[in-house]
Structure formats: structure tokens, C-alpha cells
Amino acid sequence: MEPKRLQLPKGKKFAYSTMALVVFCWGYEYIAAKAALVVIAPLSLICIKYTISFAFLFLVKCAIDRRFPFSLRDLPLLIVCAVFGELLYYACEYGAMSYLPVSVISIVLAFVPAVSVVIEFFLYKRRANKRIVIGIAVGIVGVAFVIGGNLSTFLTGGGIGYLLVFGAVFCWNIYNFATAGLTGKYKTLDLTLYQAVCTVLLSFPFLLHTLPPASAFTPYVIFGVFYIGLLSGGAGLFLYVNAIARLGPTPVSLMTNLLPVTTTFFGFLLLGERILPLQFVGGAIVILSGIVVIWEKDKLDTARIGRRQEIDD
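Offset between the sequence shown (1-based) and my numbering: plus 298.
Dropping the structure here:
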């Protein structure tokens with residue numbers, strides 16, 4: 299008698315499928331961004347990206363629910379989210395593309411969960427278990443392998459690129475903590491829309507001063523801009539939000555931690571970028587250590603929530 303196979307609900311099957319598609323599409327975003335950044339300044343590209351994303355998400359929101367609850371008290375925190383999560387994060391990420399291969403950038407960004415645990419320890423005194431500590435230590439070794447795998451690049455200007463990537467890592471963590479203060483007040487789609495509005499308004503002055511002439515927008519650049527704004531930003535973000543709602547944050551985080559794989563694939567195929575063997579080993583270490591940290595952190599958070607509920611009862 300054959301054992302019964304685990305059957306996932308249709309909604310979860312769809313969410314897993316779309317998340318795989320999102321990770322694939324986000325891997326190509328680095329390629330599209332690199333093409334657009336040839337003629338468009340980073341902050342201007344951010345403004346264009348979030349304008350297109352907002353237009354798409356606004357239409358989706360109107361089709362689902364036309365209510366827009368908002369409190370002015372939350373505006374300062376929304377601005378913090380826009381500044382660190384969109385403006386500074388992408389400014390650092392886009393700036394690093396001038397110095398480093400896109401595959402290396404995505405590998406270092408996979409270290410975000412480990413940095414999040416360290417920040418939580420210093421801010422909230424939340425202790426990590428031994429597996430998380432080992433995962434962070436191993437991840438640091440992996441990042442050292444990535445940097446040391448091509449030390450000549452680091453010494454000839456790549457060091458600036460790594461500083462920018464680490465800046466992006468810290469900016470994203472600040473964004474996550476700031477967003478956590480708003481998630482209980484707004485629906486995810488509403489919160490995403492409000493952050494997009496803040497991002498567009500803050501970056502629009504840069505767009506006015508740095509927008510290149512119309513002749514600079516070749517078909518390839520136009521495709522890159524619309525890909526970033528519509529497919530990667532708008533549709534990709536919508537599917538990402540849907541996956542979090544159906545699967546929970548941990549499975550989604552585990553899947554997005556595989557982003558360096560798709561980025562490396564596109565970087566090799568379309569840009570001719572190659573990572574050295576030691577960098578490949580370091581990248582695998584960073585990805586695996588990130589998966590361990592995410593998994594173990596979720597178990598600790600679940601246990602912490604359970605203890606709080608027992609106290610409240």
C-alpha cells in the first residue's frame with residue numbers, strides 16, 4: 299500500500315509557484331537596472347520605478363477595496379521607511395553595480411537575516427540560540443570568502459562597492475524594523491502604497507534635475523525601466539505580498555534567500571560575469587547559513603509569541 303502524498307491546498311500551490319516566478323524575475327531585475335543606470339541616475343531610477351509600481355498597485359487596490367485609511371501620526375515612520383527601505387537601500391545597491399558583479403551584490407545581501415538577529419539583540423535584548431549564533435558566524439566566514447575570493451577587485455575600487463552593499467544591508471534592516479511598527483495598523487497593500495507615495499515625493503526633485511534627454515531612452519533602456527517598475531516592482535511586489543499572506547513570512551524568506559542563484563545565472567548568461575571558485579563556495583555558505591538563521595529565528599519568534607499568549611490568558 300503506497301503512502302499518501304502530501305497535498306497542498308490550491309492557494310498554497312499557487313503561492314509557491316508565483317514566489318518561484320518572483321525570485322526568477324527579481325534575479326533579472328539586477329540586469330535591467332544595470333542597463334537603465336547607464337543613462338539614468340540612481341535616485342531618478344528609484345523615482346520612476348516607484349511611480350510605475352504605485353500606478354499598478356493603485357489600480358489593484360481600487361479593484362479590491364477603495365478605502366484608504368490613514369493617520370497623520372504615522373507619517374514620520376512612513377518617511378523613515380521610504381528613506382531607508384527605498385531611497386537609501388536602492389541608492390546603495392545601484393551604486394554598488396558600478397564596482398561589483400551583480401551576483402556578488404546579491405550574495406552579500408543574503409546576509410540580511412543574520413544582521414537582523416544582531417540588531418534585535420542590541421535593541422530588544424532578544425537572545426539567539428546556538429544554531430543561530432553558529433549560522434551567523436558561518437555566514438561571516440562565507441562573506442569573507444566572497445570578498446577574499448577576488449582580493450584584487452577589492453583593492454582596486456571594489457572596496458567602495460562592498461561598503462555600499464553593506465550599507466544596503468543595514469538600511470534594509472532599519473526599514474524592516476520601521477515597517478514592523480506599522481504592520482498592525484494597515485493592510486499590507488495599503489502600507490505598500492503609502493510607502494510608494496512617500497518614495498516618489500521624496501525622490502521627485504532628483505528626477506527633475508537629473509532626468510536625461512528623451513534621446514537617451516533607447517528601446518532597451520525603456521524596457522529595463524518598465525520591467526523594474528511594472529513586473530519586478532508592481533506585479534512582483536503584489537505576488538510577494540500574496541505569498542506572505544498565504545504561506546507566512548518564513549517560507550517566503552527562505553525562497554527569497556535563493557535570489558543569488560537566479561542573479562548569478564542572469565549575470566553569467568547576459569553580462570558574461572563570472573565568480574571565482576572561492577566566491578562560489580562563499581556564496582553557498584552565505585545562502586545556507588541564511589536559511590538556518592531564518593528557520594531558527596522563526597521557531598524562537600513562534601515560541602516567544604506562545605509564551606506571551608499564555609501570560610495574557
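Where a beta carbon is used, it is the ideal one built from N, C-alpha and C, also for glycine.
Handout entry: the stretch 391-400 / the stretch 461-471 touching (three or more Cβ pairs under 8 Å)
Key = At 8 Å Cβ cutoff, the stretches touch.
Problem - Close beta carbons around V539, own chain, < 7 Å, minus the five adjacent residues each side - result: As a working mapping, residue 539 is identified with position 241 in the sequence shown. Closer than 7 Å at the Cβ level, and outside the excluded window around V539, lie T486, L487, T490.
Problem - V444 to V495 span [Cα, whole Å] - result: By 1-based counting over the sequence shown, the position of residue 444 is 146. By 1-based counting over the sequence shown, the position of residue 495 is 197. Taking the straight line from one Cα to the other gives about 36 Å.
Problem - Collapsed DSSP secondary structure at D363 in the structure displayed - result: The residue you call residue 363 lines up with position 65 of the sequence shown. It is coil, neither helix nor strand.
Exercise for the section: Confirm, please, whether the CB-CB distance from A330 to G565 is below 8 Å. Expected result: The residue you call residue 565 lines up with position 267 of the sequence shown. The residue you call residue 330 lines up with position 32 of the sequence shown. No. Outside cutoff.
Handout entry: Any 3 or more C-beta pairs closer than 8 Å across the stretch 503-510 and the stretch 337-344
Key = As far as the Cβ criterion goes, the stretch 503-510 touches the stretch 337-344, which means the pair count is three or higher.
Practice task
Thinking V381 and L500 are a contact (beta carbons under 8 Å), I'd like their distance in whole angstroms, please.
Solution key: Along the sequence shown, read from residue 1 onward, the residue named residue 381 stands at position 83. Along the sequence shown, read from residue 1 onward, the residue named residue 500 stands at position 202. Indeed they touch by this definition, with Cβ atoms about 7 Å apart.
Problem - Nonlocal neighbours in the same chain, by C-beta distance under 8 Å from N480, ignoring five residues either side - result: Position 182 of the sequence shown, counting from 1, holds the residue named residue 480. Here the sequence assigns Leu to residue 480, which means Asn is not the residue at that position. Same-chain partners within the cutoff: D372, L375, L376, C379, L489.
Practice task
May I have a chain-ordered list of the alpha helix (DSSP H) segments no shorter than 4 residues that lie completely inside the stretch 325-403?
Solution key: 340-362, 373-379, 387-394
Practice task
Please confirm if the stretch 549-558 is in contact with the stretch 586-601, defined as three or more CB-CB distances below 8 Å between the two stretches.
Solution key: yes
Exercise for the section: Look at the alpha carbon of L535 and the alpha carbon of L545, and state the distance between them as a whole number of angstroms. Expected result: Translated into the one-based positions of the sequence shown, residue 535 becomes position 237. Translated into the one-based positions of the sequence shown, residue 545 becomes position 247. The straight-line gap from Cα to Cα measures roughly 15 Å.
Handout entry: Euclidean distance between Cα positions of V519 and R425
Key = Start at 1 with the first residue of the sequence shown, and residue 519 comes out as number 221. Start at 1 with the first residue of the sequence shown, and residue 425 comes out as number 127. Pairing V519 with R425, the inter-Cα distance amounts to about 47 Å.
Practice task
State whether the stretch 573-588 contacts the stretch 430-438, with contact taken as three or more CB pairs (one from each stretch) at a distance under 8 Å.
Solution key: yes
Handout entry: Buried/exposed call for L556, threshold 16 Cβ in 10 Å
Key = Here residue 556 refers to the residue found at position 258 of the sequence shown. The residue is buried, with at least 16 neighbouring Cβ atoms inside 10 Å.
Problem - Residue span of the alpha helix (DSSP H) that contains R283, given as start and end - result: The question about residue 283 has no answer here: the residues shown for the chain are numbered 299 through 611.
Problem - Residue of T477, I472, L569, F524 minimising C-alpha distance to C345 - result: Start at 1 with the first residue of the sequence shown, and residue 345 comes out as number 47. Of the candidates T477, I472, L569, F524, the one whose C-alpha sits nearest the C-alpha of C345 is F524.
Problem - Selected residue, minimal CA-CA separation from S369, among R602, A601, K483 - result: Numbered from its first residue, the sequence shown carries residue 369 at position 71. The shortest Cα separation from S369 among R602, A601, K483 belongs to K483.
Exercise for the section: Please report how far the alpha carbon of V402 lies from the alpha carbon of R365, in whole angstroms. Expected result: The sequence position of residue 402 within the sequence shown is 104, counting from 1. The sequence position of residue 365 within the sequence shown is 67, counting from 1. Each residue's alpha carbon lies about 42 Å from the other.
Practice task
Quick one: using the 10 Å Cβ neighbour count with 16 as the cut-off for buried, is N471 buried or exposed?
Solution key: Taking the first residue of the sequence shown as 1, we reach residue 471 at position 173. N471 comes out buried.
Exercise for the section: Could you have a look at E555 and say whether DSSP puts it in helix, strand or coil? Expected result: As a position in the sequence shown, residue 555 is number 257, starting the count at 1. First, the amino acid is wrong: residue 555 is Asn here, not Glu. Note: N555 maps to coil in three-state DSSP.
Problem - T486, DSSP secondary structure in three states - result: Start at 1 with the first residue of the sequence shown, and residue 486 comes out as number 188. It is helical.
Problem - Same chain only: Cβ atoms within 7 Å of E418, ignoring 5 sequence neighbours per side - result: Residue mapping note: residue 418 aligns to position 120 of the sequence shown, counting from 1. Contacts found: R424.
Practice task
Using 10 angstroms around the beta-carbon of A601, count the other beta-carbons present and answer buried if the total reaches 16, otherwise exposed.
Solution key: Within the sequence shown, numbered from 1, the residue matching residue 601 stands at position 303. That one is exposed.
Exercise for the section: Name the residue from L319, A313, L343 whose alpha carbon lies nearest to the alpha carbon of V498. Expected result: Position 200 of the sequence shown, counted from the start, is the residue given in the question as residue 498. Closest by alpha carbon: L343.
Handout entry: Pick from L398, F475, F563, R605 that is closest to Y612, judged by C-alpha positions
Key = Here the chain covers residues 299 to 611 and nothing more, so residue 612 does not appear.
Exercise for the section: Drop a sphere of 10 angstroms on the beta-carbon of S315, count the other beta-carbons inside from all chains shown, and report buried for 16 or more, exposed for fewer. Expected result: Within the sequence shown, numbered from 1, the residue matching residue 315 stands at position 17. Exposed, because fewer than 16 other Cβ atoms sit within 10 Å of the Cβ of S315.
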